[in-house]
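Protein chains in written order, with the working numbering: chain A, 219 to 343; chain B, 72 to 654; chain C, 104 to 360.
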């Protein structure tokens, strides 16, 4: 059921990556690394945007590694499902934790000299 | 070799046919170095039952201390260490591995019609990890009693900041965290192994919806083991590094966040409780259909509900953090999601009940445990819903109500299902029958003792008795005493179970291949089975159809009477013989 | 069920007995390694969660702390890992095509790159130890972000939780005057805690990779890998690509912003 690769020497157990794809991906990754370092010296106006650009480039690089070096593009769909499931679980984890911390950030004592003003609670007796 | 009779071909049982890292050599390494999933399952079983006895002993000591208010037998520090030990051993060594590692290892490949799991050596490695983790965990806890060092007294949840270095000195906690880390990987590799085996080793003709429901349950469990357990791994790793190097990630003094620890911890530990219960539900599905001699009601519903329960379990971990400092918004979201997680479980309970209706019910030991499960799980699950409502949880959190709830689901449900499954498959992997009357009697005692222990705890908890407290207000004394008496009834009953099972493994009556009239593939093989599970690959039986299975007095068990020819196919005709030297 | 294939010239002797054939064994292993990779993603996810939470709430410690990191070393490490990823993928192709010589060369280069990565990491970490920019309580910097030692009489603020005159909390605080030590934002030690935790864990995975590739190299030199048995090479390469993937994210998150 796996994608049998027809290489120069007949059938093998899985798809054989062509040299073109491997070298092409490698060169693209090198190029993108150079770009991302260069982009770090450019101010895109606001820390959020700088981060977004860096993450965008990193995501493109990651996709190249996953699709071509890791053969996921040529492999059975279920392997993609497994990997994406892992990413989804991690995203879920992140999402809830981030929302929560955002909500209780005001209670966190980050700076001892600058404590948040929390009124002491006295129950009515 | 003796002359082979084609009518009665001989086979060698796996108990006399070792295969492992020492080749075919027997003795100690024939067991400890084996690749055979059945032997690995049996070894897990021995370890798990031993851990159950140790953890149970500490539970009895805790309950004994609580018999009277104030000090009864031990002081508060020792008490804290005892309940931590009880909790950690039970969760990490008994209940999480329990059904998947012991019963799953024995039954899964046979139910698939496979010769073994996909990765037998990885299976052995999982077992080794369990052993080392167990030694470290128990050893760390023993350190508190044997040496002058503070033992592990943080509770099995290791909450920060109490578990940080400045509050609890000593290396015992570090050692126990390393033990938990290894146990986590044992679980991950088992899940990985089972998932691959179910994907790749199903018998010809067995599609996904022709698999026994036990396998759907183990599949759902595998998903959770692979996705959730690594987060436990990183959490205990970070806590260890935090204690060892004081990096500050959970320490508020250094800018860290102790609630983050709880998020990390419960992201695993909530799916963990489903890792505990879903295999139990799988076992119960098998027991109920077999002992009602009736096709399971709603096969697809049960299969899908196992998967959906596994997926939903990832969405609700915050309900453990309602009063710990988690924000109200997160609390509300988690509370709403917690209500949804009850639905798949309820679907299962309805389906089991419907299976019982108009079935031919035989109240043998496994069935008694299965029926106990249905009742006790209903109570446990419903009380979980109460706790899922934030406004109620504010009053009930950290009280005995929570303790009673989780004991109903972890012990009253998972452990009871484990015992039911153990009795069910016992004839298959030992070739011997356990004493039936004693088994039935003890199962009733377990039910009685369990309820006597934990029903008073619901009452106490709702009246405000806090958990993990060494001392209490005298108004709770009666409830505590009832609970302690129940605990001893329960403890003694479980001890008797372990004793008679060990006895029966050597001295029990010989078991037929199919004592229960079950329809899944493992019963088409002799008891005990040969090394690679089947003497000849059996044709796939109709799952959960019982028309063909009839009781044969001569055999003492069920045989398959084929509808067309009237031929009786019995596996008694396989003659068990000793191995004739090397292979 | 148990056809012994010992010494069979057609099939590899590494096909285990309980599998139907080489394809069955390969596919099972492939499925398992992807499950393992999903598990690794979750293993690292907790630290990414910690990073994102702290970064969202306190970006100042990241902007300040990242100045202490050497971008060149980080970039070189990135290129080294990408190169080793390429040779690992190439090695799989070589095994599939029965090209043993190139397979061994590729595995050797991958191994060398992994060791190179660890060496550069060693230098980075030693520099940090030397400068006192460590995790948690041990964050006692002797130098400012540009590498210049603080002047003799400078009062170095502890930066941990409650130092006076901290940045980030109050932007109206003026920058330090001549000769005055630049105070770091409160709890800058958390940046280094996360840095060491994440790069340390990643480095450990690189180290495991080193052992795996040594094992593979030895087996490759013995000629174990053939077109009908190259699972270990494929699975190890996949693991290695994941290690590379994680670094692809770690590099910008710590060094470039």
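From the three backbone atoms N, C-alpha and C, an ideal C-beta is built for every residue, glycine too.
Every value quoted in this text rests on a predicted model; they were computed, and no experiment measured them.
C-beta contact flag for residue i and residue j at 8 Å
i, j, result
"residue 333 of chain C", "residue 195 of chain C", "yes"
"residue 279 of chain A", "residue 247 of chain A", "yes"
"residue 277 of chain B", "residue 184 of chain B", "yes"
"residue 257 of chain B", "residue 211 of chain B", "no"
"residue 414 of chain B", "residue 296 of chain C", "no"
"residue 527 of chain B", "residue 553 of chain B", "yes"
"residue 338 of chain B", "residue 401 of chain B", "no"
"residue 337 of chain C", "residue 125 of chain C", "no"
"residue 513 of chain B", "residue 354 of chain B", "no"
"residue 432 of chain B", "residue 381 of chain B", "no"
"residue 267 of chain B", "residue 189 of chain B", "yes"
Close beta carbons around residue i, own chain, < 8 Å, minus the five adjacent residues each side
i, result
"residue 107 of chain C", "Residue confidence is low: residue 107 of chain C scores 41 on pLDDT, short of 50, so the model does not pin down where it sits. Its coordinate-derived value is still stated next. Within the same chain, residue 107 of chain C has close Cβ partners 120."
"residue 90 of chain B", "105, 106, 107, 602"
"residue 273 of chain C", "Legend: pLDDT at residue 273 of chain C = 36, less than 50; position of this residue unreliable, value from coordinates given subsequently. Same-chain partners within the cutoff: there are none."
"residue 346 of chain C", "184, 305, 308, 309, 312"
"residue 458 of chain B", "390, 464, 467, 468, 472, 473, 476"
"residue 150 of chain C", "297, 300, 301, 304"
"residue 244 of chain B", "211, 223, 225, 229, 234, 314"
Identity of the residue in the options nearest residue i by Cα
i, options, result
"residue 304 of chain B", "B:196, B:332, B:253, B:284", "B:253"
"residue 325 of chain A", "B:189, B:203, B:395, B:168", "B:395"
"residue 344 of chain B", "B:468, B:389, B:481", "B:481"
"residue 584 of chain B", "B:498, B:619, B:282", "B:498"
"residue 269 of chain B", "B:180, B:309, B:320", "B:180"
"residue 358 of chain C", "C:122, C:134, C:248, C:207", "C:248"
"residue 684 of chain B", "B:262, B:612, B:288, B:342", "Shown here, chain B extends from 72 to 654; a query on residue 684 of chain B therefore has no answer."
"residue 398 of chain B", "A:328, A:340, A:342, A:316", "A:316"
"residue 589 of chain B", "B:631, B:624, B:568, B:610", "B:631"
"residue 315 of chain B", "C:352, C:300, C:360", "C:300"
"residue 623 of chain B", "B:591, B:582, B:609, B:612", "B:582"
"residue 616 of chain B", "B:366, B:186, B:572, B:168", "B:366"
"residue 419 of chain B", "B:87, B:284, B:562", "B:284"
"residue 508 of chain B", "B:101, B:494, B:501", "B:494"
"residue 335 of chain B", "A:319, A:329, A:341", "A:319"
"residue 657 of chain B", "B:592, B:101, B:231, B:424", "The structure shown does not extend to residue 657 of chain B, since chain B is modelled only from 72 through 654, so no value can be given for it."
"residue 274 of chain A", "A:295, A:250, A:238", "A:250"
Residues near residue i in its chain [Cβ-Cβ closer than 6 Å; skip 5 each side]
i, result
"residue 151 of chain B", "224"
"residue 136 of chain B", "143, 144, 145, 150"
"residue 193 of chain B", "260, 264"
"residue 231 of chain A", "none"
"residue 487 of chain B", "440, 443, 444"
"residue 130 of chain B", "157"
"residue 594 of chain B", "585"
Closer than 7 Å: residue i CB and nearest the ligand MN heavy atom
i, result
"residue 109 of chain B", "This structure does not include the ligand MN; it has no bound ligands of any sort."
Within chain D, the residues that residue i reaches when beta carbons sit closer than 8 Å
i, result
"residue 187 of chain B", "Given the protein chain composition of this structure (A, B and C), no chain D is represented."
7 Å Cβ shell around residue i - same chain, five flanking residues per side excluded
i, result
"residue 714 of chain B", "As displayed, chain B neither begins before 72 nor continues past 654, which places residue 714 of chain B out of reach and without an answer."
- Looking at chain B, which residues of the region 130-141 of chain C have a Cβ within less than 9 Å of any of its Cβ atoms? Taken in chain order, the members of the region 130-141 of chain C whose beta-carbon sits within less than 9 Å of a beta-carbon on chain B are 130, 131, 132, 134, 135, 138, 139, 141.
- Task: Counting only runs of 4+ residues fully inside the region 411-486 of chain B, write out the alpha helix (DSSP H) ranges in chain order.
- Result: 436-459, 461-467, 471-480
- Message: Please give me, in chain order, every unbroken run of the alpha helix (DSSP H) with length at least 4 that falls completely inside the region 168-201 of chain B.
- Response: 176-183
- Query: Taking Cβ-Cβ distances below 7 Å as the criterion, which residues of the region 331-360 of chain B are in contact with chain C?
  - Reply: 331, 335
- Task: Could you please tell me which residues of the region 226-249 of chain C, in chain order, have their CB closer than 7 Å to any CB of chain B?
- Result: 238, 239, 240
- Task: Name, going along the chain, the residues of the region 293-308 of chain C whose beta-carbon falls closer than 9 Å to a beta-carbon of chain B.
- Result: 293, 295, 296, 297, 299, 300, 303, 304
- Message: Under 7 Å, CB to CB, which of the residues in the region 341-358 of chain C have a partner in chain A?
- Response: 341, 344, 347, 348, 351, 352, 355
- Please list the residues of the region 327-339 of chain C that have a C-beta atom closer than 9 Å to any C-beta atom in chain A, keeping them in chain order. 330, 331, 332, 333, 334, 337
- Item | Those runs of the alpha helix (DSSP H) which lie wholly inside the region 520-606 of chain B and span at least 4 residues | 548-578
- Message: What are the residues in the region 311-329 of chain B lying within 9 Å of chain C by C-beta distance?
- Response: Taking 9 Å as the upper bound on Cβ-Cβ separation, chain C lies near residues 312, 313, 316, 317, 318, 319, 320, 322, 323, 324, 325, 326, 327, 328 of the region 311-329 of chain B.
- Task: Entirely within the region 293-331 of chain B and at least 4 residues each: give me those alpha helix (DSSP H) ranges in chain order.
- Result: Within the region 293-331 of chain B, not a single complete alpha helix (DSSP H) segment reaches 4 residues in length.
- Message: Which residues of the region 253-268 of chain A have a Cβ closer than 7 Å to any Cβ of chain C? Give them in chain order.
- Response: Shown in chain order are the members of the region 253-268 of chain A whose Cβ falls below 7 Å from a Cβ of chain C: 254, 255, 258, 265, 268.
- Message: At a CB distance below 8 Å, what residues from the region 290-318 of chain A approach chain C? Give them in sequence order.
- Response: 293, 296, 297, 300, 301, 303, 304, 305, 307, 308, 311, 312, 315, 316
- Task: Determine which residues of the region 142-172 of chain C have a Cβ less than 9 Å from any Cβ of chain B, and write them out in chain order.
- Result: 142, 143, 144, 145, 146, 147, 148, 149, 150, 152, 153, 156, 157, 161, 164
- Task: Output the residue ranges of the alpha helix (DSSP H) runs that lie fully inside the region 171-259 of chain C and measure 4 residues or longer, sorted by chain position.
- Result: Counting only runs of at least 4 residues, the region 171-259 of chain C fully encloses the following alpha helix (DSSP H) elements, listed from N- to C-terminal order: 174-199, 203-234.
- Could you pull out every unbroken beta strand (DSSP E) segment of at least 3 residues lying fully inside the region 251-315 of chain A, listed in chain order? none
- Query: Between the region 197-221 of chain C and chain A, which residues of the former have CB atoms less than 8 Å from a CB of the latter, in chain order?
  - Reply: From the region 197-221 of chain C, only 199, 200, 201 have a Cβ closer than 8 Å to chain A.
- Message: Can you pull out the residues from the region 170-193 of chain C whose beta carbon lies closer than 8 Å to at least one beta carbon of chain A?
- Response: 174, 178, 181, 182, 185, 186, 188, 189, 191, 192, 193
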